[in-house]
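Inspection log for the structure reproduced underneath, given as structure tokens.
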Amino acid sequence: MPVLGKTTLSTKASSINRALDEIGDKWCLLILQEVFWGINTFGEMLLGTGASRGVLSNRLHWLQSIDCLRKDITEKGQKRPTYHMTKKSIELYRNGLMAMTWERKYFTTPALDSVELIHDHCQKVFWPMIECKYCNEPVMSKDVSFHKGPGAKKDIRITKTRRRSSALSPPDERGKTLYINLINLLGDRWTANIIALAFHGFNRFDDFHKELPVATNILADRLKLLVQEGIFYRQPYQASPLRYDYHLTDKGRDLFPYFVTLMAWGDKWCATGDGNPILLKHISCGAYLHAEVRCDQCGEGLIATEVHFKR
Ligand SMILES: [Zn+2]
Ligand SMILES: [Zn+2]
-13 MPVLGKTTLS TKASSINRAL DEIGDKWCLL ILQEVFWGIN TFGEMLLGTG ASRGVLSNRL
47 HWLQSIDCLR KDITEKGQKR PTYHMTKKSI ELYRNGLMAM TWERKYFTTP ALDSVELIHD
107 HCQKVFWPMI ECKYCNEPVM SKDVSFHKGP GAKKDIRITK TRRRSSALSP PDERGKTLYI
167 NLINLLGDRW TANIIALAFH GFNRFDDFHK ELPVATNILA DRLKLLVQEG IFYRQPYQAS
227 PLRYDYHLTD KGRDLFPYFV TLMAWGDKWC ATGDGNPILL KHISCGAYLH AEVRCDQCGE
287 GLIATEVHFK R
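Our numbering puts the sequence shown at residues -13 to 297.
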């Protein structure tokens, strides 16, 4: 963990932030998606992600260093190394399914619309859904409350002023990218961080700024983008000087399953030993939320090795 200094900021501990700091970069998201599809050589990934060689090589090293990819060079008769999911990254699968669900609801993405998911367990074409493990009701942001967990401490995060990288090419140029719109939006970790804070009830510029190690001009840029993209709407809360606060639209709130699955992954894989920083309660049944991503045909929980894609 970094040491507090000039280039760091102490913010509320959050498994979502930790997860985003590890894999929230758009290239990491793209690479992991390719590997889920079975694309696993450097050359194929170069084509599939559209990354430059330098960027791809950098992110592959990074993903190996955090144990999200395993490089295999030992297979017989094979000249080039291949990259594979690990125990840690395979559990991001549910998060990927929730990304697909959001993308399909709000965008026309030919690569995604033509995909059929088949669940080996029931042999049916299915679509993923997210439900409370205890009461089996769908998980929606309005039914969930946030509480301090045993790990509700501070995280020290490195301040970065990285620019938002330009949007990726349109989906028809890279058929395997199933949720390009989501990656374009959330592949910038500040944008993702801001939405996560909005789910926690933050809605003013100054409040966002206190919780994010980011420069004010970058924060202003990202808020503007989120309004343009229909994730937030602005509302005046003060007349002179005129000030706005930011609220999630329905499109924004529908990202909740994406963030819930990311948080669960961060709770498990980016833990510091203090316990979960935030606990979610499912208001509908009163239990601490344990969200399960399930098959809408047979109701069983989905795991990566039991799902196949057909196009
Ligand atoms: Zn419940
Ligand atoms: Zn099923």
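We treat Cβ as the ideally placed atom computed from N, Cα and C, and that holds for glycine.
Distance cut-off 6 Å: residue i Cβ against heavy atoms of ligand 1
i	result
residue 276	no
residue 121	yes
residue 131	no
residue 268	yes
residue 256	no
residue 118	yes
residue 14	no
residue 271	yes
Distance CB(residue i)-CB(residue j) smaller than 7 Å
i	j	result
residue 180	residue -4	no
residue 277	residue 246	yes
residue 268	residue 118	yes
residue 298	residue 164	Outside the shown range of the chain (-13 to 297) lies residue 298, about which nothing can therefore be said.
residue 121	residue 284	no
residue 252	residue 2	yes
residue 59	residue 67	yes
residue 261	residue 135	yes
residue 107	residue 292	yes
residue 144	residue -6	yes
residue 225	residue 79	no
Residue i beta carbon near ligand 2 (any heavy atom closer than 6 Å)
i	result
residue 112	yes
residue 107	yes
residue 283	yes
Supposed close pair residue i, residue j - CB separation, criterion 8 Å
i	j	result
residue 235	residue 208	About 16 Å; that fails the 8 Å criterion.
residue 0	residue 263	6 Å
residue 297	residue 288	Actually they are not in contact, since the Cβ atoms of residue 297 and residue 288 sit about 19 Å apart, beyond 8 Å.
residue 223	residue 233	In fact, because the Cβ distance is near 10 Å, the residues do not count as touching under 8 Å.
residue 240	residue 91	6 Å
residue 17	residue 46	7 Å
residue 70	residue 21	7 Å
residue 42	residue 173	So it is not a contact: roughly 15 Å between Cβ atoms.
residue 93	residue 189	Not a contact, Cβ separation roughly 25 Å.
Exposed unless 16 or more other CB atoms sit within 10 angstroms - verdict on residue i
i	result
residue 19	buried
residue 7	buried
residue 102	exposed
residue 295	exposed
residue 125	buried
residue 217	buried
residue 199	buried
residue 99	exposed
residue 192	exposed
residue 183	buried
residue 158	Bear in mind that a pLDDT of 44 at residue 158, under 50, signals an unreliable position, so the number given afterwards is only what the model happens to contain. So residue 158 counts as exposed.
Residue range of the unbroken alpha helix (DSSP H) whose run includes residue i
i	result
residue 190	Run containing residue 190: none; DSSP gives neither H nor E here.
residue 244	242 to 255
residue 83	79 to 92
residue 47	39 to 51
residue 104	Segment 102 to 105 is the beta strand (DSSP E) holding residue 104; no alpha helix (DSSP H) there.
residue 127	Run containing residue 127: none; DSSP gives neither H nor E here.
Proximity test, Cβ basis, 7 Å: residue i and chain B
i	result
residue 84	Included in the structure is just one protein chain, with no chain B present.
Opening and closing residue of the beta strand (DSSP E) in which residue i lies
i	result
residue 142	140 to 144
residue 57	55 to 58
residue 303	Outside the displayed span of the chain (-13 to 297) sits residue 303, for which this structure offers no information.
residue 279	277 to 281
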